[in-house]
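First the structure, in the form of structure tokens, and then the observations on it.
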Amino acid sequence: MEKAALQEALAILLPGSVADATGEWLQLQVAPEAWQQAAIVLRNDPSLLFDFLFCVTCIDWKTQLTMVYHLRSTVSGHTLVVKINLPRDRPQLYSVSGIWRTAEFNEREAFEMFGVDFLQHPDLRLLILPDGWEGRFPMRKDFEDPVNMIKL
Amino acid sequence: MPSFEYVIAFIHAWLNHQLSAGGAMLAESVLAGGCAIGLFATLGLVLVLMERKVAAVMQIRIGPNRVGPKGMFQSLADTIKLVMKEGLTPDGADKLLFNAAPFVVMITAMLLLAPIAFARKLQLWDINIGVLYISAVSSLSVLGILMAGWASNNKYSLLGAMRSGAQIVSYELSAGLSVLCIIVLCGSLRMTDIIASQQEGWWIFRGHIPAIIAFVIFMIAVTAETNRAPFDLAEAESELTAGFHTEYSGMRFALFFLAEYINMFIACAIGATLFFGGWMPFHAGHWQAFNHIMDYIPSSLWFFGKTFALIFVIMWFRWTFPRLRVDQLLNLEWKYLLPISMVNLLLVTVVAIMHWYF
Amino acid sequence: MFEELGTTEDGDLIINIGPQHPATHGVLHLVVTLQGETIKKVEPHLGYIHRSIEKMCESLSYRQFIYVTSRMDYLSSHINNHACALCVEKGLGVEVPPRAQYIRVLVDELTRIASHELWWGAMAMDLGAFTPFFHAFRERENINDIMEETCGARLTMNYIVPGGVMADIHPRFCERVKNFIALFKSKIDEYDDLVTGNIIFQNRMKGVGMLSAADAISYGCTGPTARGSGVSCDVRKLFPYEIYSGIRFSEVLECGGDSFSRYLVRMRELRESVQILEQLIDNVPAGDYQVKTKAVLKLPKGEFYQRVETARGEFGVYIVSEGGSTPYRIKFRSPGFANLSALHHMAKGGKLGDLVATMGTLDLVIPDIDR
Numbered sequence: 001m002e003k004a005a006l007q008e009a010l011a012i013l014l015p016g017s018v019a020d021a022t023g024e025w026l027q028l029q030v031a032p033e034a035w036q037q038a039a040i041v042l043r044n045d046p047s048l049l050f051d052f053l054f055c056v057t058c059i060d061w062k063t064q065l066t067m068v069y070h071l072r073s074t075v076s077g078h079t080l081v082v083k084i085n086l087p088r089d090r091p092q093l094y095s096v097s098g099i100w101r102t103a104e105f106n107e108r109e110a111f112e113m114f115g116v117d118f119l120q121h122p123d124l125r126l127l128i129l130p131d132g133w134e135g136r137f138p139m140r141k142d143f144e145d146p147v148n149m150i151k152l
Numbered sequence: 153m154p155s156f157e158y159v160i161a162f163i164h165a166w167l168n169h170q171l172s173a174g175g176a177m178l179a180e181s182v183l184a185g186g187c188a189i190g191l192f193a194t195l196g197l198v199l200v201l202m203e204r205k206v207a208a209v210m211q212i213r214i215g216p217n218r219v220g221p222k223g224m225f226q227s228l229a230d231t232i233k234l235v236m237k238e239g240l241t242p243d244g245a246d247k248l249l250f251n252a253a254p255f256v257v258m259i260t261a262m263l264l265l266a267p268i269a270f271a272r273k274l275q276l277w278d279i280n281i282g283v284l285y286i287s288a289v290s291s292l293s294v295l296g297i298l299m300a301g302w303a304s305n306n307k308y309s310l311l312g313a314m315r316s317g318a319q320i321v322s323y324e325l326s327a328g329l330s331v332l333c334i335i336v337l338c339g340s341l342r343m344t345d346i347i348a349s350q351q352e353g354w355w356i357f358r359g360h361i362p363a364i365i366a367f368v369i370f371m372i373a374v375t376a377e378t379n380r381a382p383f384d385l386a387e388a389e390s391e392l393t394a395g396f397h398t399e400y401s402g403m404r405f406a407l408f409f410l411a412e413y414i415n416m417f418i419a420c421a422i423g424a425t426l427f428f429g430g431w432m433p434f435h436a437g438h439w440q441a442f443n444h445i446m447d448y449i450p451s452s453l454w455f456f457g458k459t460f461a462l463i464f465v466i467m468w469f470r471w472t473f474p475r476l477r478v479d480q481l482l483n484l485e486w487k488y489l490l491p492i493s494m495v496n497l498l499l500v501t502v503v504a505i506m507h508w509y510f
Numbered sequence: 511m512f513e514e515l516g517t518t519e520d521g522d523l524i525i526n527i528g529p530q531h532p533a534t535h536g537v538l539h540l541v542v543t544l545q546g547e548t549i550k551k552v553e554p555h556l557g558y559i560h561r562s563i564e565k566m567c568e569s570l571s572y573r574q575f576i577y578v579t580s581r582m583d584y585l586s587s588h589i590n591n592h593a594c595a596l597c598v599e600k601g602l603g604v605e606v607p608p609r610a611q612y613i614r615v616l617v618d619e620l621t622r623i624a625s626h627e628l629w630w631g632a633m634a635m636d637l638g639a640f641t642p643f644f645h646a647f648r649e650r651e652n653i654n655d656i657m658e659e660t661c662g663a664r665l666t667m668n669y670i671v672p673g674g675v676m677a678d679i680h681p682r683f684c685e686r687v688k689n690f691i692a693l694f695k696s697k698i699d700e701y702d703d704l705v706t707g708n709i710i711f712q713n714r715m716k717g718v719g720m721l722s723a724a725d726a727i728s729y730g731c732t733g734p735t736a737r738g739s740g741v742s743c744d745v746r747k748l749f750p751y752e753i754y755s756g757i758r759f760s761e762v763l764e765c766g767g768d769s770f771s772r773y774l775v776r777m778r779e780l781r782e783s784v785q786i787l788e789q790l791i792d793n794v795p796a797g798d799y800q801v802k803t804k805a806v807l808k809l810p811k812g813e814f815y816q817r818v819e820t821a822r823g824e825f826g827v828y829i830v831s832e833g834g835s836t837p838y839r840i841k842f843r844s845p846g847f848a849n850l851s852a853l854h855h856m857a858k859g860g861k862l863g864d865l866v867a868t869m870g871t872l873d874l875v876i877p878d879i880d881r
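Residue numbers (the working numbering), protein chains in the order written: chain D, 1 to 152; chain E, 153 to 510; chain F, 511 to 881.
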């Protein structure tokens, strides 16, 4: 589906979302409360069928956190970028690891690096960081480590 | 060419001249024991180096070539290194069994050197049940392996020892049945009789199809019995560290290591004796001139040549094939090799009764 | 290497595999729950080689961060660099001269061959055959020597930069690659003789580590892992970059979903890569090897995603830029991360020996996963 057609289809199926067609792929802003339902629609709706979640990123914009999900449909070939803004002090989001199994590891990484709490995640704990790093979120912009970080 | 029998006769006569009959017997026993230990050690060193050189050739490299000309003293250097290493006993290990296990394996290996005929009239003990003795004593090495695995107080040693025990016990059946095929053809268990019966040609040629099948099964079975690849599950490095001998270091490890190579030597020696005539030169029926020429090559050369050829084949297996999984290994034995060996035994009995061999 | 952690109430045995392995895979720590010889759960513990590359790149300029990325999937280091360079060029809007494009694809395919060879040797060694490792490295040395002559390094080359390649290829590059192609074609047949046709290998790999196509997509698997289950995901075909749209080669797909299918995919990919090299090596156009770019690169505000096909699968670089000379956020979508997440699904219910075979066919490079 072309970007314009996709934008129209999403406007109907996910009415609360805001689409942005500048850039290479269509970007969709989804509210955190609506994410669980939106994910199910994106995955299962016959005209969309986004079955391949290929990139899960978290960005720290100093005032808020943004979760970015890059989705692609292996059936129809269209790509979508879903962005969800989360408050910085208590970022919570429903986990989509039941819908796309790849999210299980990716969300653990976002949890340990940025502190995003994924609700209903089957096994939310540190993945790459060793024991002792709970509660410290190294990828956040305000992370300070006077011993290991060298500021030029 | 001076034959060994003159040397032995000379020593026998000299000892009997110097000491009483009993004393001469004792001196001869000590001498024979010393020779056996010496052979054990020398063979161990030679085989370790041979393994490394054969591996190198197959892997397009050179192998040890620094210590001594063409790396000849590498094994000696390794032995000195192993002797100087600390022999650790793990905490909680059963001290008696832990220390005794390598000796059990080594003693079994040395006992097996007794009935083998290395050359014409060079045999330690020509017992009338030669082959049965070998079969029986080689089964005792499983005890050493299980002792080592249990006494190490290490779950993975135990796992490796259990796997190894199951494997050895299973493959002994096929090995025994294939050996039995030649016994049926030959009619005697005594080693000299078996070799003498191959005066007119080796059993593998005279026994045609059943002997060849028996030989193939024998080679597979002894590769499994000596825990060599592709059946080296018990020592698979990528899965189980080092299996039953994980906790052994220093001289005790050296004994396990050497015993494995000696077992391989003995298995190939048996194969060479039963199927290829032992020290009997290559005779072709009643062609007297040809046989006479073949007789000029010393019998010890024939024996060692055949044995080392079979050892080379077993080493070839190791560096060519990947490892079998444990259930595939036992499958191979119980579902394929054992039925084939039994049918082969039946076949060879028919062949022997009807005189359908050469 | 094995260290007992304890048992659960059911009498299950929990053991560690790694983090130190004999010569393969890198520092991967798997905690395996066994019942007898059957695997109930495989849990990877990562982070032994985590170097916080993503955070580091936030303070490196767009020319500097390329050097760090070749250390991620070090067996496909050129291809990683290629992805980063393409992403930066996408942001800058520059077009790379044709000669540079040809050179980039040539070194990419050589790297793919080298990576698959090391995979082949290491996998055979995992299964117990020690000899193929030496055969693989003998051929790989040829590629390393070619790389050393042209790029200056044997493993982490840092040759592909934003704008083109860092220096022109050595005058003997084409001739050496042609000699290598001639030599290598017979070697692939030798590899098939040695390993592919061996019945013990086939028994160890057939039916082991099943991954269905739907599961592969759901777990995010790409590369030969997914293509062995029949999922068409070759980035060179689906989203062609550089000159791939003009090259004649086929995407290798197998439908078995087991380890043997993944193995066959990689073996056939070796042949496809040789085919690509043959088409390009005589036709490298003359011209510039680099387009002139400013000394300090600044990407405009926005976000850019570039994907390439490494030897392991789809490698993605996602740059979020605020207009400065360093990226605001870089995310590396590593193929191994997704492939590893499917390991539990593939290995459970099998035996310990099957886990080793499955891990071998996944072709994991742990620095790629830990970043």
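We treat Cβ as the ideally placed atom computed from N, Cα and C, and that holds for glycine.
Under the DSSP assignment, N44(D) falls outside any beta strand (DSSP E), being part of the alpha helix (DSSP H) whose first and last residues are 35 to 44. Contacts with chain F at 8 Å (Cβ-Cβ) do not include P216(E).
Per DSSP, the continuous beta strand (DSSP E) segment holding G812(F) begins and ends at 812 to 819. With the criterion set as a beta carbon lying under 7 Å from some beta carbon of chain F, the members of the region 81 to 101 of chain D are W100, R101, in sequence order. Assigned with DSSP and collapsed to three states, P362(E) falls in helix. With fewer than 16 neighbouring CB atoms inside 10 Å of its own CB, G244(E) falls in the exposed class. Residue pairing by DSSP places N85(D) opposite T66(D) in a beta bridge. Neighbours of P450(E) in chain F, taken as residues at a C-beta separation under 8 Å, are lacking, since the least C-beta distance is about 35 Å. Minimum Cα-Cα distance from T79(D) among the listed residues A34(D), L65(D), R43(D) corresponds to R43(D).
E180(E): not part of any beta strand (DSSP E); member of the alpha helix (DSSP H) spanning 173 to 210, first to last residue. Contact annotation: the region 812 to 821 of chain F touches the region 619 to 636 of chain F, with at least three C-beta pairs closer than 8 Å. Interface annotation for the region 552 to 567 of chain F against chain D: L556, G557, H560, S562, E564, K565, criterion Cβ-Cβ distance under 8 Å. DSSP places F118(D) outside any alpha helix (DSSP H); the residue lies instead in the beta strand (DSSP E), whose first and last residues are 117 to 119. Counting along the chain, N526(F) sits inside the beta strand (DSSP E) bounded by residues 523 to 527.
At a cut-off of 8 Å between beta-carbon atoms, W302(E) makes no contact with chain F.
Closer than 8 Å to the CB of R380(E) there is not a single CB belonging to chain F. For L538(F) against P554(F), the beta-carbon gap comes to about 6 Å, under 8 Å, which counts as contact. Chain F places no beta carbon closer than 8 Å to that of D45(D), leaving this residue out of the contacts. Listed along chain D are C55, T57, each with a C-beta nearer than 7 Å to that of K841(F). Between D583(F) and I128(D), the C-beta spacing is not below 8 Å. Here DSSP, grouped into helix, strand and coil, assigns L407(E) to helix. Check the Cα spacing between L49(D) and each of W100(D), P91(D), V18(D): the tightest is with W100(D). Taking CB atoms only, H70(D) has a neighbour in chain F less than 8 Å away. For L410(E), same chain residues with a beta-carbon under 6 Å away, outside a window of 5 residues either side, are G196 in chain order.
At least 8 Å separates the CB of I40(D) from every CB of chain F. Contact of I727(F) with chain D by beta-carbon distance below 8 Å involves D51, F52, T74. Just measuring C-alpha positions, the residue of A31(D), G115(D), V116(D), F105(D) sitting nearest D123(D) is F105(D). Inclusion of M446(E) and H435(E) in the CB contact set at 8 Å is warranted, their separation being smaller than that value.
For D655(F), the enclosing alpha helix (DSSP H) stretches over residues 641 to 661. Rounded to the nearest whole angstrom, the CA to CA distance from Q319(E) to L329(E) is 16 Å. Rounded to whole angstroms, P810(F) and S831(F) show a C-alpha spacing of 7 Å. By the neighbour-count criterion, in which a residue is buried when 16 or more other Cβ atoms sit within 10 angstroms of its Cβ, T63(D) is exposed. In the displayed model, C55(D) falls within a strand according to three-state DSSP. Here the C-alpha atom of E685(F) lies approximately 23 Å from the C-alpha atom of H645(F). Contacts with chain F at 8 Å (Cβ-Cβ) do not include V206(E).
For the C-beta of M67(D), not a single chain F residue is nearer than 9 Å; the gap to the nearest is close to 12 Å.
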